[in-house]
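Quick note, the sequences are listed as chains R and D, same order. Reminder that position 22 of the first sequence reads as 22 in the UniProt record's numbering, one-by-one numbering, no gaps. Reminder that position 12 of the second sequence reads as 12 in the UniProt record's numbering, one-by-one numbering, no gaps. Built from N, CA and C at the ideal position, the CB exists for glycine as well.
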Amino acid sequence: MTDTTGAAPPSVRALVRQRRRRAASRFWRQYRAHRAGLVGLAGLALFALVALTAPLTVGSDVAGVTDAPGRPLEGPTAEFPLGTDRFGRDLLGLLVWGSRVSLLVGLLAAALSVVIGALVGITAGHFKGAYATVIMRVTDWFLVMPALVLAVALAAVMPRSLGTVILAIGVTSWPTTARLVRAQTLAVESRPYIERAKALGGGHGHIMTRHVLPNVMPLVLAQTTLMVSASILTEATLAFLGVGDPTVVSWGGMLQDAREAGAVSAGDWWYLVPPGIAIAGVALAFTLCGRAVESVLNPRLGVAR
Amino acid sequence: MTADTATAPAGGADGAATAAPSPRGPRARTWAAYLRYGAGKLGGAAVSLLAVLVTGFFLFRLIPGDPVKTMTGGRPVSAEQLAAYRREFGLDLPLWQQFTDYCGKALTGDLGTSYQFRAPVTEKIGEALPNTLLLTGTAFVLYTALGIVLGTRSAWRAGRLGDRLNTGLALTLYSVPSFWLGLLLIIVFSVGMGPVPGLFPTGGMESGGEEGLAHLLDVAHHLVLPVITLVAVEYGQTLLVTRSALLDETGSDYLTTARAKGLRDDLVRRRHAVPNAMLPTMTLIFVNLGRTVAGVILVETVFSWPGLGGLFYQALSVPDLPLVQGLFLFFASAVIVMNTLADLVYPLLDPRVGR
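Spelled out as structure tokens, the structure:
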């Protein structure tokens with residue numbers, strides 16, 4: 001009897017699980033073929049490792065202004081490979097510690113932004129008429145608020161914290177995603193197979209999730225990773241403009257410190273270069289991953305590699 | 001983006017393969033539909049502008065802190081003086097009255113008086129606008145052209161070495177913070193580093209003293225680094241979207257048809273593929289204007305360019321509410337107008353939209 005139960009058709013749930021597992025392994029097989037994507041993934045793993053192990057390698061007291069280990073504004077030496085900042089703190093330690101803020105803010109803000117954007121974009125593209133008019137008016141309205149200006153204003157209104165920075169970036173950066181997703185939704189919905197689906201009695205939910213979403217998904221995924229890059233850049237920008245969380249060490253904040261300490265006119269390149277490279281590195285890693293994901297999910301982009 | 005380019009995808013292009021559209025009827029209907037669509041867009045833009053006006057007021061009134069106290073910079077000031085300031089800037093009136101006053105004035109072009117410069121905001125904007133237009137206009141034309149040209153080439157030769165280098169560089173520059181790139185360019189090319197002497201000025205727009213041609217050359221000299229910074233950080237996105245939009249088209253049947261009837265590769269690309277790939281690109285170029293505002297604020301701040309962005313940074317750091325508000329209204333309205341133009345152009349580019 002035990003044999004027959006084993007041979008019985010697997011439950012729906014098991015089938016779904018199996019199919020998902022297969023899809024995931026197929027996805028990974030195709031992803032592996034993209035060299036740039038692997039480089040990006042390796043970069044991300046490296047940054048994640050550095051950020052996660054930062055409490056062990058440098059510890060939070062690296063950010064303390066009192067008892068700084070070196071003299072202010074020392075160039076790179078054996079003791080301080082990247083030199084010291086204007087308080088005499090070890091720049092390498094600060095750089096490592098700052099990765100935590102950049103990654104955290106980038107990921108959370110991008111997730112917030114893309115979820116809002118995709119939801120708004122698909123529904124606005126699908127439901128034409130009054131709903132779309134109103135929602136796109138709201139989107140346009142958010143879109144035309146120069147995002148940085150609005151983010152600066154929000155960050156200034158709300159209490160200074162990382163949550164504020166995340167919220168300020170998230171609620172100001174979604175309209176781009178919404179508009180792109182809506183444009184794609186409009187293009188998809190004007191194709192004949194949507195008309196067929198409607199003629200066969202497909203409801204709004206069916207069309208949006210079964211027809212539009214799969215066609216929009218590559219764009220959404222690529223947009224998510226681009227959004228992470230953009231969020232990391234915006235976080236750095238806010239910190240550079242002086243509206244970030246002043247109690248945490250971030251790469252943008254380090255650049256602002258450097259500028260205020262006169263590193264530009266003094267030609268202290270070693271103060272300015274590392275944080276910028278770190279920001280660009282993380283942003284680039286996310287972008288490379290996103291593009292690899294995009295070309296796997298969208299077979300027509302297969303040549304992209 | 002005239003109707004001329006737009007008819008290429010619509011009419012199947014080149015006349016040969018497709019039947020000519022029937023004379024009057026459909027075309028007249030199309031135009032009626034387009035006018036309705038355009039009127040809707042224009043009405044929407046008007047509502048958006050109104051919403052911007054309302055937000056501009058409340059957003060900056062909600063910032064905590066007494067603007068008068070901020071204005072006096074924390075100096076000990078007598079209560080009478082504070083009251084006098086309040087009266088001067090109309091801050092003693094009830095909120096709704098401030099709001100109606102503000103709306104009435106904004107609609108007539110009066111954006112109030114800057115706390116810090118003691119000059120009408122409209123005047124400050126008017127002074128800074130040409131400088132910003134010069135910087136942004138130059139950069140916009142350059143990065144859009146560069147992005148579209150390189151993106152088209154990249155997509156047409158996707159996967160080859162040239163494409164990989166092209167996209168690699170674009171992605172890298174896209175990931176670089178604009179203010180950081182600006183600071184580095186200043187260190188290397190203005191302050192001078194190692195063998196490189198200070199080739200370009202560290203900031204500002206003119207050295208002063210020159211006239212005529214010398215003045216123009218001087219401004220151009222000051223323009224180089226800020227424009228390079230803006231173009232470098234902005235062209236990547238245009239390139240990538242042009243490229244992926246064009247790649248989306250490369251497998252299409254109509255391209256196979258075009259090739260089958262013997263068109264040169266170059267014509268297939270220019271007349272058939274590129275026009276169809278322009279919709280997402282157009283969306284992005286105009287959406288990007290909002291991003292360009294951010295870029296301009298940062299680049300002008302870093303290079304001390306006497307434009308709207310630099311003015312905005314100065315206003316924010318005080319904070320000089322009327323000036324911030326005026327600039328906010330100006331930036332937002334400018335982007336609304338540009339986006340409305342984009343909306344009006346879509347149906348000409350892609351006849352599937354706007355019916």
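Neighbouring residues, chain R, relative to residue i (Cβ below 7 angstroms)
{"i": "serine 207 of chain D", "result": "Neighbours of serine 207 of chain D on chain R: none; closest Cβ ~17 angstroms, over 7 angstroms."}
{"i": "alanine 51 of chain D", "result": "Trp141"}
{"i": "glycine 290 of chain D", "result": "Leu143, Val144, Pro146, Ala147"}
{"i": "threonine 283 of chain D", "result": "Arg179, Leu180, Ala183"}
Cutoff 7 angstroms; reference residue i; Cβ partners in own chain excluding five residues on either side
{"i": "methionine 205 of chain D", "result": "Asn131, Val219, His222, Trp305, Pro306"}
{"i": "glycine 170 of chain R", "result": "Ala109, Leu112, Ser113"}
{"i": "glutamine 98 of chain D", "result": "Gly90"}
Expected contact under 8 angstroms - CB spacing of residue i and residue j to nearest Å
{"i": "threonine 177 of chain R", "j": "glutamine 223 of chain R", "result": "5 angstroms"}
{"i": "serine 175 of chain D", "j": "alanine 283 of chain R", "result": "4 angstroms"}
{"i": "valine 212 of chain R", "j": "histidine 126 of chain R", "result": "6 angstroms"}
{"i": "leucine 154 of chain R", "j": "alanine 168 of chain R", "result": "4 angstroms"}
Partners in chain D for residue i, counting only beta-carbon separations shorter than 9 angstroms
{"i": "threonine 133 of chain R", "result": "Gly40, Gly44"}
{"i": "isoleucine 279 of chain R", "result": "Ser175, Val176, Pro177, Trp180"}
{"i": "proline 192 of chain R", "result": "Within chain D, no residue comes near proline 192 of chain R; the closest Cβ sits about 11 angstroms away, beyond 9 angstroms."}
{"i": "threonine 123 of chain R", "result": "Those within 9 angstroms of threonine 123 of chain R in chain D number zero; the least Cβ separation is about 17 angstroms."}
{"i": "arginine 137 of chain R", "result": "Gly44, Val47, Ser48, Ala51"}
{"i": "threonine 224 of chain R", "result": "Within 9 angstroms Cβ-Cβ: nothing; threonine 224 of chain R doesn't reach chain D, min ~15 angstroms."}
{"i": "alanine 187 of chain R", "result": "Leu279, Pro280, Asp350, Arg352, Val353"}
Other residues of its chain near residue i: CB distance less than 6 angstroms, five sequence neighbours each side excluded
{"i": "leucine 239 of chain D", "result": "Gly147, Leu150, Gly151, Ala170"}
{"i": "arginine 243 of chain D", "result": "Gly151, Ser154, Ala155"}
{"i": "aspartate 350 of chain D", "result": "Leu279"}
{"i": "glycine 203 of chain D", "result": "Phe303, Ser304"}
{"i": "valine 227 of chain D", "result": "Thr138, Ala139"}
{"i": "glutamine 30 of chain R", "result": "Val296"}
Three-state secondary structure (DSSP) of residue i
{"i": "proline 146 of chain R", "result": "coil"}
{"i": "proline 280 of chain D", "result": "helix"}
{"i": "threonine 185 of chain R", "result": "helix"}
{"i": "proline 120 of chain D", "result": "strand"}
{"i": "aspartate 320 of chain D", "result": "coil"}
{"i": "aspartate 61 of chain R", "result": "helix"}
{"i": "aspartate 90 of chain R", "result": "strand"}
{"i": "threonine 113 of chain D", "result": "strand"}
{"i": "threonine 84 of chain R", "result": "strand"}
{"i": "proline 201 of chain D", "result": "coil"}
{"i": "alanine 33 of chain R", "result": "coil"}
{"i": "phenylalanine 27 of chain R", "result": "helix"}
{"i": "phenylalanine 58 of chain D", "result": "helix"}
{"i": "serine 22 of chain D", "result": "Because the pLDDT of serine 22 of chain D is 46, which lies under 50, any placement of that residue in the model is unreliable, and the number read from its coordinates should be weighed accordingly. Coil, per DSSP."}
{"i": "proline 10 of chain R", "result": "coil"}
{"i": "leucine 107 of chain D", "result": "helix"}
{"i": "arginine 71 of chain R", "result": "coil"}
{"i": "isoleucine 135 of chain R", "result": "helix"}
Separation of residue j from residue i, as counted between CA atoms
{"i": "glycine 267 of chain R", "j": "phenylalanine 189 of chain D", "result": "11 angstroms"}
{"i": "arginine 71 of chain R", "j": "leucine 238 of chain R", "result": "28 angstroms"}
{"i": "phenylalanine 312 of chain D", "j": "alanine 132 of chain R", "result": "33 angstroms"}
{"i": "proline 21 of chain D", "j": "tyrosine 34 of chain D", "result": "Interpretation of proline 21 of chain D is limited by its pLDDT of 47, a score under 50 that renders its predicted location unreliable; the figure taken from the coordinates is listed afterwards. The alpha-carbon atoms of proline 21 of chain D and tyrosine 34 of chain D are separated by roughly 17 angstroms."}
{"i": "alanine 24 of chain R", "j": "glycine 251 of chain D", "result": "26 angstroms"}
{"i": "proline 159 of chain R", "j": "leucine 135 of chain D", "result": "35 angstroms"}
{"i": "valine 220 of chain R", "j": "glycine 106 of chain R", "result": "16 angstroms"}
{"i": "lysine 105 of chain D", "j": "glutamine 184 of chain R", "result": "41 angstroms"}
{"i": "leucine 247 of chain D", "j": "threonine 256 of chain D", "result": "14 angstroms"}
{"i": "serine 231 of chain R", "j": "serine 207 of chain D", "result": "37 angstroms"}
{"i": "glutamate 195 of chain R", "j": "valine 188 of chain R", "result": "11 angstroms"}
{"i": "phenylalanine 142 of chain R", "j": "glycine 262 of chain D", "result": "48 angstroms"}
{"i": "valine 121 of chain D", "j": "leucine 94 of chain R", "result": "41 angstroms"}
{"i": "glycine 262 of chain R", "j": "leucine 91 of chain R", "result": "16 angstroms"}
{"i": "isoleucine 207 of chain R", "j": "aspartate 253 of chain D", "result": "25 angstroms"}
Proximal chain D residues relative to residue i, where beta-carbon distance stays under 8 angstroms
{"i": "valine 152 of chain R", "result": "Leu316"}
{"i": "serine 229 of chain R", "result": "Tyr174, Ser175"}
Where residue i meets chain R, residues with beta-carbon distance less than 9 angstroms
{"i": "valine 191 of chain D", "result": "Val264, Ser265, Ala266, Gly267"}
{"i": "phenylalanine 328 of chain D", "result": "Met145, Pro146, Val149, Leu150, Ala153"}
{"i": "arginine 153 of chain D", "result": "Near arginine 153 of chain D there are no residues of chain R at all, since even the closest Cβ is about 14 angstroms away, more than 9 angstroms."}
Within chain R, partners of residue i - CB distance below 8 angstroms
{"i": "proline 29 of chain D", "result": "It should be pointed out that residue 29 of chain D corresponds to arginine in this sequence rather than to proline. Per Cβ cutoff of 8 angstroms: no residues; arginine 29 of chain D is ~17 angstroms from chain R at best."}
{"i": "leucine 184 of chain D", "result": "Trp269, Leu272, Val273, Gly276"}
Under 7 angstroms from the C-beta of residue i: neighbouring residues of chain D
{"i": "phenylalanine 240 of chain R", "result": "Phe179"}
{"i": "alanine 161 of chain R", "result": "The amino acid occupying residue 161 of chain R in the given sequence is serine; alanine does not appear at that position. Chain D residues near serine 161 of chain R: none, gap ~15 angstroms exceeds 7 angstroms."}
{"i": "leucine 233 of chain R", "result": "Pro177"}
Close-in-space but distant-in-sequence residues of the same chain around residue i (CB under 8 angstroms, 5 per side omitted)
{"i": "threonine 287 of chain R", "result": "Gly40, Thr225, Leu226, Ser229"}
{"i": "arginine 19 of chain R", "result": "none"}
Residues of the stretch 279-293 of chain R whose Cβ lies closer than 9 angstroms to any Cβ of chain A, in chain order: Included in the structure are the protein chains R and D, with no chain A among them.
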